[in-house]
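First to last, the protein sequences are chains A and B. The working numbering puts the first sequence at residues 241 to 806. The working numbering puts the second sequence at residues 19 to 702. Input: a single structure, listed below in structure tokens.
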Amino acid sequence: MNTEILSVLFIFLLIFILGIPFGKYISKVFKNEKTLLDFLAPLENLIFKFSGIDPDKEMDWKQNIKAMLTINFIWFIWAILVLSFQNLLFWNPDNIPGMEPTQAFNTAVSFMTNTNLQHYSGETGVSYLSQLIVMCFLQFVSAGTGIAVAALMFKGLANKSGTNLGNFYNLMLKSCTRILLPVSVVVALILMFNGIPMTFKGAENIVTLQGDTVSVARGPAAPMVGIKQLGTNGGGFFGTNSAHPFENPNFFTNIIELVSILFIPVAMIIALGYYLNRKKLSYMIFGVMLTGYVCFLIPAIYFEMNGNPEIDKMGISQPLGNMEGKEVRFGSASSAMWGVSTTVTSNGSVNSMHDSFTPITGMILMLGMQLNAFFGGVGVGFLNKFVFIILAVFISGLMVGRTPEFLGKKIEGKEIKIAIIVALMHPLLILSGTAIAAHIWLITPIQDNFLNNPSYHGFSEMFYEFSSAAANNGSGFEGLIDNTPFWNISTGIVILLGRFIPIIGPVAIAGLLSAKKFTPESAGSLKIDSPIFGIVLLSTIVILGALLFFPGLALGPVSEFFSMAK
Amino acid sequence: MSNHNKAANKLFQKELLKAALIESFVKLNPKVMVKNPVMFTVEIGTIVMIVITVMLAFTPDAAQGSFLYNFLITLILFLTVLFANFAESIAEARGKAQADSLRKTRQDTPANLLINGGNIKIIMSSELKKGDIILVSEGEIIPSDGEIIEGIATIDESAITGESAPVIREAGGDKSGVTGGTKVLSDKIKVLISIEKGESFLDKMILLVEGASRQKTPNEIALIILLSGLTMMFLIVTVALEPFGRFSNTPIAIASLVALFVCLIPTTIGGLLSAIGIAGMDRALRANVIAKSGKAVETAGDIDTLLLDKTGTITIGNRKATNFFIVNGMEENVFIKYCALSSLADETPEGKSIIELAKKSGVEINNIEHRDDHFFKFTAQTRMSGIDLKDGTIVRKGAFDVIKNLIESKNEIVPEKMISVVKKIAEDGGTPLAVTVNGKPAGVIQLEDIIKTGIQERFHRLRKMGVKTVMVTGDNPLTAKFIAKIAGVDDFIAEAKPEDKMNYIIEEQRSGKLVAMMGDGTNDAPALAQADVGVSMNSGTQAAKEAGNMVDLDNDPTKLIEVVEIGKQLLITRGAITTFSIANDVAKYFAIVPALFIASIPQLQALNIMNLTSPQSAILSAVIFNAIIIPMLVPLALRGVVYKPVGAEKLLAGNLFKYGLGGIIVPFIAIKLIDVVLTVLHIV
């Protein structure tokens with residue numbers, strides 16, 4: 241038990257040690273300062289030359305958003321074509337058929353948006369070619385997109401005047417080549433040496449000790465697992481994701497993967513401070529995120545390590561805690577940490593079944609995605625946070641008796657309008673999605689239904705699925721039969737809106753603020769890098785989030801919890 | 019506070035309450051309500067509930083709860099809307115009462131219109147047009163705002179300012195403006211009418227306060243957007259709860275859903291928002307400042323830099339003589355006499371103060387005796403004044419460099435002592451006036467500024483608010499620096515010319531700062547227009563009044579400080595009540611959510627931490643609290659949150675503690691209390 245807690249602390253330490261210098265490095269990349277990887281410039285120039293893009297063309301927020309949407313649309317078409325016709329293409333040793341249209345739509349949307357909600361199983365649903373040129377490729381560029389839009393924001397906030405936010409294409413490519421690629425190579429190599437397969441041979445049939453013949457799936461998994469964690473993607477090579485021994489073989493790889501999940505989101509916040517030359521601001525945001533994360537982590541670990549009260553009642557001791565749906569090689573504390581870390585970062589990978597967590601841990605995982613403001617996905621994490629910052633700045637700005645301002649720029653009606661639309665979108669998608677699903681479940685005959693567990697747990701399954709889609713997380717509560725046209729299409733739409741509106745909104749605000757007149761700070765101005773503003777920000781997130789999702793949570797995990805305790 | 023304000027100062031007067039009550043019902047008109055999106059949704063909720071209650075009266079439906087329960091919910095929702103309307107109405111009524119007392123000064127009075135050839139035609143003031151010239155004599159009321167083009171008069175402005183001491187207004191110069199409703203006490207003046215009927219600043223202000231032409235300020239609009247967004251969020255929550263309830267085998271009565279919705283949306287701030295805005299304008303008016311728009315008042319709260327004239331703001335009136343220094347051994351009495359004599363013809367306040375000081379030192383001058391002496395008047399070119407006595411003695415006093423030249427031209431030597439005295443006086447912030455008698459150095463008169471008591475504290479207050487103060491003075495840099503230091507201003511403009519003010523403002527604005535200034539003269543007009551907040555004095559010229567965005571009826575140069583505080587208070591009140599309103603939701607949730615589901619999910623009783631009697635009493639208690647909190651906060655909305663200049667961080671922490679944490683705790687207690695009362699009364 242002590243080793244489990246120690247490993248949690250060790251992971252924390254590693255995240256700090258790696259996150260801070262890497263954040264500094266990211267800021268250098270965005271500022272076009274000299275870095276070690278400048279030797280990649282000719283390669284990048286070749287790509288720009290080939291695609292006919294002028295990487296030095298400065299664009300305003302609208303042009304940048306247009307560029308981002310255009311290239312995403314191309315990827316979407318590419319993905320849907322490859323997935324639908326993978327049976328006709330090469331690198332398909334297990335003869336996997338083409339994807340059904342609604343599933344192909346859902347999968348294409350899901351990987352393009354860094355969500356990776358997988359309504360298919362990697363072993364039987366996609367060919368090796370699809371894994372590489374759709375799954376692995378999109379996990380890179382979707383993460384690159386997230387980091388690039390964050391860079392647009394950084395520029396917008398740093399500008400004293402003017403409308404230029406930089407060049408999306410340039411930032412996107414550099415995010416991939418300079419930030420994601422080098423770390424992915426390192427992580428993939430470490431994982432490979434620990435036993436993750438990297439082969440193009442098909443599934444192998446082996447005879448077990450019992451004498452049964454089993455088919456063991458394998459494939460080029462190592463590079464995919466690296467970027468899956470680093471890019472807060474979560475799209476696993478195999479169906480059971482990081483619970484699968486070929487994706488996460490041992491406790492050491494578990495630590496490496498956990499660190500990979502968290503350190504780029506942390507580094508992005510540090511990068512903000514270096515980029516704006518306002519390190520205190522970084523620490524304030526980081527402090528709020530860390531507080532939220534720790535407040536989630538402690539009860540989750542506590543409840544998982546204490547085990548299931550229903551099993552206690554049966555008189556069975558649970559020395560390892562609640563081990564249902566967990567891998568013995570990871571244990572309950574580490575699995576809880578994984579669950580919390582992946583849900584707050586919108587990394588949808590799992591190393592245990594979230595369905596089997598105790599109710600309160602399940603609630604925490606849902607809240608992580610519903611608040612969507614502690615760390616968050618690479619790049620987009622800050623964008624989500626930014627909306628809350630704008631709202632908190634507005635209210636606390638009023639309370640100090642000045643027209644609210646953020647980094648010297650006045651927050652007025654237009655910015656509030658955009659911020660509130662983005663803030664509104666998240667609960668709208670989750671709540672209306674779950675409401676429609678609940679209604680459909682009620683009117684569908686029971687034998688055709690999609691819930692394995694009706695009642696509170698079934699409610700949680702639906703609530704979780706939409707929270708995961710809207711937050712672009714991608715993990716599933718499982719227990720939900722989700723590969724149906726309804727779930728494929730509804731979550732596909734939710735994912736799209738949940739991805740692009742929270743990108744367009746904050747970038748638009750940054751663009752608007754960038755063009756505004758700069759006001760220097762005075763003793764009467766609100767200090768946004770102070771602890772007291774951190775408290776306002778945290779309260780805004782918690783109160784707003786709690787108010788929006790409390791009734792739903794009460795009907796799901798809270799009811800389940802109180803039923804269990806009895 | 020002026021006399022005529024005192025009556026209106028009580029928050030609620032009987033007549034006002036009555037007028038406001040009637041107006042609350044008038045405002046129920048959906049066309050009016052729709053301007054307040056938050057309360058409009060409550061009105062729609064009320065209408066829905068009326069329909070349901072009426073239906074239930076004929077066909078009872080157990081799923082929708084009892085008729086009494088539905089009726090009570092409907093009633094309370096209706097009261098919620100009414101309370102919000104009442105808050106706005108009472109603020110308007112108070113503003114109107116305040117405006118009316120000012121309007122009384124504008125009754126129709128006869129005016130002597132000057133027509134071609136110098137003839138006089140008597141018309142009523144309501145018939146006056148812009149550009150008319152009228153004659154006003156002793157004892158008459160000035161019929162309309164205008165500018166004196168001929169003559170000088172003492173005027174009683176107490177009707178406007180409440181200040182009983184009469185003031186002098188004269189043609190030309192910076193004190194030529196007169197206001198309608200004030201009374202000429204002596205002499206006769208020719209006045210050029212400067213406004214059309216109904217367009218005076220006061221008329222505009224009355225309209226602003228009455229709400230007819232009140233425009234929402236940008237900040238108010240941004241807040242309304244935020245509140246509308248929150249309302250939409252909670253609409254989604256409530257609507258989604260219906261299928262959630264059915265899924266959990268707990269159909270929810272429409273009354274409960276509507277109640278939950280109304281409790282969650284920010285009705286408290288939604289109901290009080292316009293009252294807060296009107297009250298802000300009203301507070302400005304009570305401070306005798308007429309703002310041309312609500313935005314001007316709010317901008318005042320954002321001011322970064324404040325330009326203040328030294329004279330009258332930082333120092334009392336003008337410089338005064340405080341000491342005589344002899345440098346050549348002349349007898350003291352003789353020297354003082356020469357000083358006084360040289361000032362006989364000096365009409366400046368400085369000159370008069372020299373005679374006063376001489377009197378205090380026991381030297382009396384007989385005016386008549388010196389009637390025929392030759393006076394040497396002060397001009398900007400010579401920069402000295404004096405007297406040529408009949409006995410041939412020539413006395414001159416003036417700036418040291420001028421007198422020094424004069425002495426040296428007579429081949430006399432300026433003694434070391436004179437130089438050191440002059441230097442010492444200047445270093446101490448005074449102004450030295452050197453005196454020569456027959457070209458020989460005689461002594462130095464010390465002129466000093468008297469700094470207003472308490473001004474240092476006010477500047478300290480401003481600094482804590484983050485406002486930089488700049489003193490504008492015609493003094494030399496050395497003197498200016500000294501006074502700036504004593505008074506505690508952050509910066510100064512010495513030897514200021516009108517264009518210097520303008521340049522300073524532009525420079526500050528270029529670095530993104532908002533600048534406020536006060537002015538009265540015509541040559542202040544460009545700077546008043548350039549400044550983000552320009553307050554002109556009512557006694558000032560028409561040009562100055564047109565250029566600024568506020569007019570101070572009291573002609574008090576320190577008024578800007580009050581205006582800044584009113585602006586800040588307005589924003590803080592908005593922020594505080596918004597925070598309070600949102601924080602309230604936590605307790606309401608703990609009352610309503612368990613109540614909704616407890617019938618089919620008994621284990622949710624664990625969430626009923628207030629231990630409310632029954633689901634119905636819980637929901638009713640929350641809705642009742644939600645309704646009565648509006649009128650309970652009306653006094654706070656009207657008075658404004660107390661503003662203390664303690665720095666942004668402390669201010670935020672304090673308000674967050676009071677309205678944020680308070681907003682979470684108070685409703686828990688209040689809802690429990692209401693529940694106890696409802697239970698005791700057996701209402702549910």
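For glycine and all other residues, C-beta sits at the position ideal for the given N, C-alpha and C.
Problem set entry | B:VAL569, enclosing beta strand (DSSP E) - first and last residue | Segment 568-570, the beta strand (DSSP E) holding B:VAL569.
For this session: Check the Cβ of B:GLN587 against every Cβ in chain A and list those closer than 9 Å, keeping chain order.
Result: Within 9 Å Cβ-Cβ: GLY641.
Problem set entry | Given B:THR333 as reference, the closest of B:ILE610, B:PRO620, B:GLU517, B:GLY492 once Cα atoms are compared | Measuring from the Cα of B:THR333, the nearest candidate turns out to be B:GLY492.
Exercise. Do B:THR59 and B:THR92 have their CB atoms nearer than 8 Å?
Worked result: Judged by their CB atoms, B:THR59 and B:THR92 are not nearer to each other than the 8 Å cut-off.
Exercise. Can you tell me the Cα-Cα spacing of A:MET702 and A:GLY386, whole angstroms?
Worked result: So the alpha carbons of these two residues sit roughly 27 Å apart.
For this session: Give the DSSP-derived three-state secondary structure of B:GLU513 in the structure shown.
Result: B:GLU513: coil per DSSP, three-state reduction.
Problem set entry | CA-to-CA distance, A:GLY621 to A:ALA390, given in whole angstroms | Near 9 Å, if we compare the C-alpha coordinates of A:GLY621 and A:ALA390.
Exercise. How long is the line joining the alpha carbons of B:LYS458 and B:ASN351, rounded to whole angstroms?
Worked result: Each residue's Cα considered, the two are about 17 Å apart.
For this session: Apply the 10 Å Cβ neighbour rule to A:PHE597 and answer buried if 16 or more other Cβ atoms are within range, or exposed otherwise.
Result: By the Cβ neighbour-count rule, A:PHE597 is buried, with 16 or more other Cβ atoms within 10 Å of its own.
Exercise. Considering B:LYS441, what are the terminal residues of the alpha helix (DSSP H) in which it resides?
Worked result: Counting along the chain, the alpha helix (DSSP H) containing B:LYS441 begins and ends at 434-445.
Exercise. When the cut-off is 8 Å and only beta carbons count, does B:GLY319 lie next to chain A?
Worked result: Cβ-Cβ to chain A under 8 Å: yes for B:GLY319.
Exercise. Excluding the five sequence neighbours on either side, which residues of its own chain have a C-beta within less than 7 Å of the C-beta of B:THR331, listed in chain order?
Worked result: Its chain contains PRO575, THR576 as the residues whose beta carbon lies nearer than 7 Å to that of B:THR331, once the 5 sequence neighbours on both sides are disregarded; these appear in chain order.
Exercise. Going by other Cβ atoms of all chains shown within 10 Å of its Cβ, with 16 needed for buried, is A:THR643 buried or exposed?
Worked result: Per the 10 Å Cβ criterion, buried.
Exercise. With 8 Å set as the bound, which would you pick, yes or no: does the beta-carbon of B:SER292 sit closer than that to a beta-carbon of chain A?
Worked result: Answer no: the Cβ-Cβ gap between B:SER292 and chain A never drops below 8 Å.
Exercise. In chain order, what residues of the same chain lie with their CB nearer than 7 Å to the CB of B:LEU34, ignoring the 5 residues before and after it?
Worked result: By the criterion of a C-beta distance shorter than 7 Å, B:LEU34 is surrounded in its chain by ILE108, ALA111, ARG112, ALA115, once the five residues flanking it on both sides are discounted.
Problem set entry | DSSP state of B:ILE107 mapped onto helix, strand, coil | Note on residue identity: the sequence assigns Ser, not Ile, to residue 107 of chain B. Secondary structure of B:SER107 (DSSP, three-state): helix.
Exercise. Per DSSP, which one or two residues make a beta bridge with A:LYS649?
Worked result: DSSP output for A:LYS649 lists A:PHE646 as bridge partner(s).
For this session: Just grab the DSSP bridge partners of B:HIS392 for me.
Result: B:HIS392 pairs with B:ASP406.
Problem set entry | chain A residues whose Cβ lies nearer than 7 Å to that of B:GLN621 | Scanning chain A for C-beta atoms nearer than 7 Å to the C-beta of B:GLN621 yields SER799, PHE802, SER803, LYS806, reported in chain order.
Problem set entry | Sufficient close CB pairs (3 or more, under 8 Å) joining the segment 400-407 of chain A to the segment 288-308 of chain A | Cβ pair count under 8 Å is three or more, so yes.
For this session: Please list, in chain order, all residues of the same chain as B:LEU153 whose beta carbon is under 7 Å from its beta carbon, the five residues on each side excluded.
Result: Its chain contains ASN130, LEU132, ILE138, LYS206, LYS208 as the residues whose beta carbon lies nearer than 7 Å to that of B:LEU153, once the 5 sequence neighbours on both sides are disregarded; these appear in chain order.
Problem set entry | A:SER367 versus A:THR493 - alpha carbon distance | In this model, A:SER367 and A:THR493 are separated by some 25 Å (Cα to Cα).
For this session: Rounded to whole angstroms, what's the CA-CA distance from A:ILE661 to B:GLY247? Just pull it up for me.
Result: A:ILE661 and B:GLY247: Cα-Cα distance of roughly 7 Å.
Exercise. If you draw a straight line from the alpha carbon of B:THR454 to that of B:PHE353, how long is it in whole angstroms?
Worked result: Straight-line spacing of the CA atoms in B:THR454 and B:PHE353 works out to 10 Å.
Exercise. Closest Cβ-Cβ distance between B:SER274 and chain A: below 8 Å?
Worked result: It does not; no Cβ of chain A falls within 8 Å.
Exercise. What are the residues that DSSP puts in a beta bridge with B:GLN464?
Worked result: Its beta-bridge partners are B:ASN341, B:PRO450.
Exercise. Checking contacts by CB at 8 Å: is A:SER557 closer than that to chain B?
Worked result: Answer no: the Cβ-Cβ gap between A:SER557 and chain B never drops below 8 Å.
For this session: Taking only the alpha-carbon atoms, compute the straight-line gap between B:ARG264 and A:SER700 and give it to the nearest angstrom.
Result: One alpha carbon belongs to B:ARG264, the other to A:SER700, and they sit about 15 Å apart.
Exercise. So with Cβ pairs under 8 Å, would you call A:LEU638 a contact of chain B?
Worked result: Interface criterion met: the Cβ of A:LEU638 is under 8 Å from a Cβ in chain B.
Exercise. Does any residue of chain B bring its CB to less than 8 Å from the CB of A:ILE635?
Worked result: Yes, its Cβ sits closer than 8 Å to a Cβ of chain B.
Exercise. For the segment 756-776 of chain A, which residues have a CB atom closer than 8 Å to at least one CB atom of chain B, in sequence order?
Worked result: Against chain B - using a Cβ distance shorter than 8 Å - the residues of the segment 756-776 of chain A are LYS757, PHE758, THR759, PRO760, SER762, ALA763, GLY764, SER765, LEU766, LYS767, SER770, ILE772, PHE773, ILE775, VAL776.
Exercise. Rounded to whole angstroms, how far is the Cβ of B:VAL420 from the Cβ of B:MET402, which I believe are closer than 8 Å?
Worked result: Contact flag correct, Cβ pair sits at about 5 Å.
Exercise. In terms of residue numbering, what span does the alpha helix (DSSP H) encompassing B:LEU651 cover?
Worked result: Start and end: 633-657.
Exercise. Which residues does DSSP pair with B:ALA534 in a beta bridge?
Worked result: BP columns for B:ALA534 point to B:LEU324, B:VAL551.
Problem set entry | Cβ-Cβ distance between A:LEU431 and A:ALA462 below 8 Å | Between A:LEU431 and A:ALA462, the C-beta spacing is below 8 Å.
Exercise. Is any beta-carbon of chain A found at less than 8 Å from that of B:LYS482?
Worked result: Yes, B:LYS482 lies at the interface with chain A (some Cβ there is under 8 Å from its Cβ).
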